[in-house]
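Here the structure is laid out as structure tokens; the discussion comes afterwards.
In the numbering used here, the protein residues as written are 2 to 474.
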């Protein structure tokens, strides 16, 4: 690949370099603008990675996780300096950059180097606002896009074994991506099965290979259903109308440009019909899943939007070079138009991202506010190694306790006697409770007054403006 890049004409090389610089600049805005991860899922992902590094819990964690390969990849970031929150931010930032690289590789395979540069630049403009990975902390889904795109790239190259390898990696990285990818390949293959004998030998073999893969997936799916299938992305929800949000956003131009990209894709992929039908199935399925609330289907629409955005970037990347070349015959005018287009949109994207990061950097909006971090830091420094910390369900701050302290932690139910009882009932609850410390985040909950009054069973070793730690004696 490196030799191929170095042999490119100077203008193409400069465009690829500029697109890469744009991607790096926008992606690195996240770690440079924040002091703590954004998104409620960050703590659970870090905890899973820490469990993998603990030999005794590694197998159980990987067996029970919906994202085993993602957790394994994050555990590898332990070699980086800094804290686990810093490593999580690095993990999600690198994932966004590599997903752009995978998109460029696919566009280069099915289109051209110009398409690769266009797709890379368009993807660079999606990290916040339109795409929610940085904001929600959904790094496994972001990393799974890398393998999804490389599955299609290997399929277009006619490489059967590597297609299966990347498909498996996508499914193990995020189960929902595995579902979308399997459905796309299934639809694309079923369309071609009746005419496979009329195709070239290589394409016919590829279709047969995909049919065997789909049959194996069907057997595994039936087995999973028999054992009890859980679909965490299926839930009752209000209508989201994500498409209307897209049309009102700065992503609208790329949505418009993507429409002729479908025609370009069909023209470019005539020599690889399995890739064409599978990619078109992916584009159609991404649109359908992302707008499913309009049909009252009940799928978690917000979790499907990233596939639609990826599909738009793919189709727009194919279409943009053709549209620019047909609109401007002069190479200078083409370069001027592209420069103005991406410079303007990049500046607007940077401003939108900066506003979002600034919002999450205010103490009241941070995933873990400074006072809560200070209290958890006190536990890390002063609580004995065998301590058991408990918090309530009022916030998700408690999820960070095992991540930042290596102490055991669990949540108390709302009706636990330590939270409401008094007198002898409270003392009895303290004697039988399997915990050593209670932490309250007082901006979101009240401390049971009896805990302060019962000095024979409880002391308060730490407090600040929004946190109280109660130690059981």
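Heads up, the beta-carbon is just placed ideally off N, CA and C, and yes, glycines get one too.
Alpha-carbon spacing of residue 402 relative to residue 469, whole angstroms: Along the chain shown, read from residue 1 onward, the residue named residue 402 stands at position 401. Along the chain shown, read from residue 1 onward, the residue named residue 469 stands at position 468. Between residue 402 and residue 469, the C-alpha separation is close to 14 Å.
Do residue 21 and residue 121 have their beta-carbon atoms positioned less than 8 Å apart in this structure? For the purposes of this step, residue 121 is taken as residue 120 along the chain shown, with counting starting at 1. For the purposes of this step, residue 21 is taken as residue 20 along the chain shown, with counting starting at 1. Yes, the Cβ-Cβ distance between residue 121 and residue 21 is below 8 Å.
>> By the three-class DSSP mapping on this structure, what secondary structure does residue 24 have?
In response: Your numbering for residue 24 matches position 23 in the chain shown. Residue state, collapsed to three classes: helix.
Next on the checklist: If I follow the unbroken beta strand (DSSP E) through residue 460, where does it start and stop?
Outcome noted: Position 459 of the chain shown, counted from the start, is the residue given in the question as residue 460. Residue 460 -> beta strand (DSSP E) spans 459-465.
Residues that DSSP places opposite residue 391 in a beta bridge:
If you number the chain shown from 1, residue 391 lands on position 390. Answer by DSSP bridge pairing, in chain order: 411, 439.
| query | To the nearest whole angstrom, what separates the beta carbons of residue 320 and residue 261, a pair I think is in contact under 8 Å? | reply | Translated into positions along the chain shown, residue 320 becomes position 319. Translated into positions along the chain shown, residue 261 becomes position 260. About 5 Å; that satisfies the 8 Å criterion.
Best match in 448, 406, 443, 442 for proximity to residue 423 [C-alpha to C-alpha]: Taking the chain shown and counting its residues from 1, one reaches residue 423 at position 422. Residue 448 is the option with its Cα nearest to residue 423.
Go through the stretch 137-175 residue by residue and report every complete run of the alpha helix (DSSP H) that reaches 4 residues or more, in order. 140-158, 161-174
Nearest candidate by alpha-carbon position, reference residue 94, set 142, 116, 119: By one-based count along the chain shown, residue 94 stands at place 93. If we check each option's Cα against that of residue 94, 142 comes out closest.
| message | Within 10 Å of its beta-carbon, does residue 58 have 16 or more other beta-carbons around it, so buried, or fewer, so exposed? | response | Residue numbering aside, residue 58 sits at position 57 when the chain shown is read from its first letter. Residue 58 comes out exposed.
Assuming residue 378 contacts residue 440 under a Cβ cut-off of 8 Å, what Cβ separation, rounded to an integer in Å, is found between them? Counting from one through the chain shown, the residue named residue 378 turns up at place 377. Counting from one through the chain shown, the residue named residue 440 turns up at place 439. Going by Cβ atoms, the distance from residue 378 to residue 440 rounds to 12 Å, so no, they are not a contact pair.
Q. If you run the structure through DSSP and keep just helix, strand and coil, what is residue 473?
A. Here residue 473 is taken as the residue at index 472 of the chain shown, counted from 1. In the structure shown, residue 473 sits in a strand (DSSP, three-state: E or B).
Give the DSSP-derived three-state secondary structure of residue 307 in the structure shown. What you label residue 307 is simply residue 306 of the chain shown in a count that begins at 1. In the three-state scheme derived from DSSP, where H, G and I count as helix and E and B as strand, residue 307 is classed as helix.
Practice problem: Taking residue 167 and residue 279 to be in contact with their CB atoms under 8 Å, please state how far apart those CB atoms are, rounded to whole angstroms. | Solution: For the purposes of this step, residue 167 is taken as the residue at position 166 of the chain shown. For the purposes of this step, residue 279 is taken as the residue at position 278 of the chain shown. The Cβ separation is near 13 Å, so there is no contact.
- Query: Quick one: any contact between the stretch 84-91 and the stretch 280-294, if contact means 3 or more CB pairs under 8 Å?
  - Reply: Result no; under three Cβ-Cβ pairs closer than 8 Å.
Exercise for review: Give the straight-line distance between the Cα atoms of residue 147 and residue 43, rounded to the nearest whole angstrom.
Suggested key: One-based indexing of the chain shown puts residue 147 at position 146. One-based indexing of the chain shown puts residue 43 at position 42. Going by the C-alpha atoms only, they are around 20 Å apart.
query: Where do the N-terminal and C-terminal ends of the alpha helix (DSSP H) with residue 1 fall, by residue?
result: Since the first residue of the chain shown is 2 and the last is 474, residue 1 is not available in this structure.
>> Rounded to whole angstroms, what is the Cα-Cα separation between residue 362 and residue 97?
In response: Walking along the chain shown from the start, residue 362 turns up at place 361. Walking along the chain shown from the start, residue 97 turns up at place 96. Distance between the alpha carbons of residue 362 and residue 97 is about 21 Å.
Note to self: Rounding to the nearest angstrom, what Cα-Cα distance links residue 18 and residue 170 in this structure?
What the structure shows: On the chain shown, residue 18 is found 17 positions in, with the first residue counted as 1. On the chain shown, residue 170 is found 169 positions in, with the first residue counted as 1. Cα to Cα, the separation comes out at about 29 Å.
Practice prompt. Less than 8 Å between the CB atoms is what I'm expecting for residue 62 and residue 49, so what's the real figure, rounded?
Written response: Taking the chain shown and counting its residues from 1, the one referred to as residue 62 is at position 61. Taking the chain shown and counting its residues from 1, the one referred to as residue 49 is at position 48. 6 Å between Cβ atoms; contact.
>> Can you confirm whether the stretch 334-350 touches the stretch 365-372 when touching is taken to mean that 3 or more C-beta pairs between the two stretches lie within less than 8 Å?
In response: no
- Task: Would you mind working out which of 249, 292, 318 sits nearest residue 263, comparing C-alpha positions?
- Result: Taking the chain shown and counting its residues from 1, one reaches residue 263 at position 262. Considering only alpha carbons, the answer is 318.
Next on the checklist: For residue 333, report the span of its alpha helix (DSSP H) as first-last.
Outcome noted: For the purposes of this step, residue 333 is taken as the residue at position 332 of the chain shown. Start and end: 332-362.
Just to confirm the assignment, what range does the alpha helix (DSSP H) spanning residue 426 have? Here the question's residue 426 lines up with position 425 in the chain shown. It spans 424-433 - the alpha helix (DSSP H) in which residue 426 sits, taken as one unbroken run.
Notebook entry, point to check: Does the Cβ-Cβ distance between residue 71 and residue 174 come in under 8 Å?
Noted result: Here the question's residue 71 lines up with position 70 in the chain shown. Here the question's residue 174 lines up with position 173 in the chain shown. Result yes, Cβ atoms of residue 71 and residue 174 sit closer than 8 Å.
- Query: Quick one, which of 112, 137, 109 has its alpha-carbon nearest residue 89's?
  - Reply: Reading the chain shown from its first residue, position 88 is the one you call residue 89. Among 112, 137, 109, the Cα nearest to that of residue 89 is on 137.
Checklist entry - Who are the Cβ neighbours of residue 395 in its own chain at under 7 Å, not counting the five residues just before and after it? => result If you number the chain shown from 1, residue 395 lands on position 394. Within its own chain, the residues whose Cβ lies closer than 7 Å to the Cβ of residue 395, once the five positions on either side in sequence are excluded, are 442, 445, 446, listed in chain order.
Original post:
Taking residue 339 as the reference, which of 276, 375, 115 has the closest Cα?
Top reply: Locating residue 339 in the chain shown gives position 338, counting from the first residue. Here the closest residue by C-alpha is 115.
Taking residue 73 as the reference, give the member of 140, 450, 438, 411 with the closest Cα. Stepping through the chain shown from its first residue, residue 73 is reached at position 72. Selected option, being the one with the closest Cα: 140.
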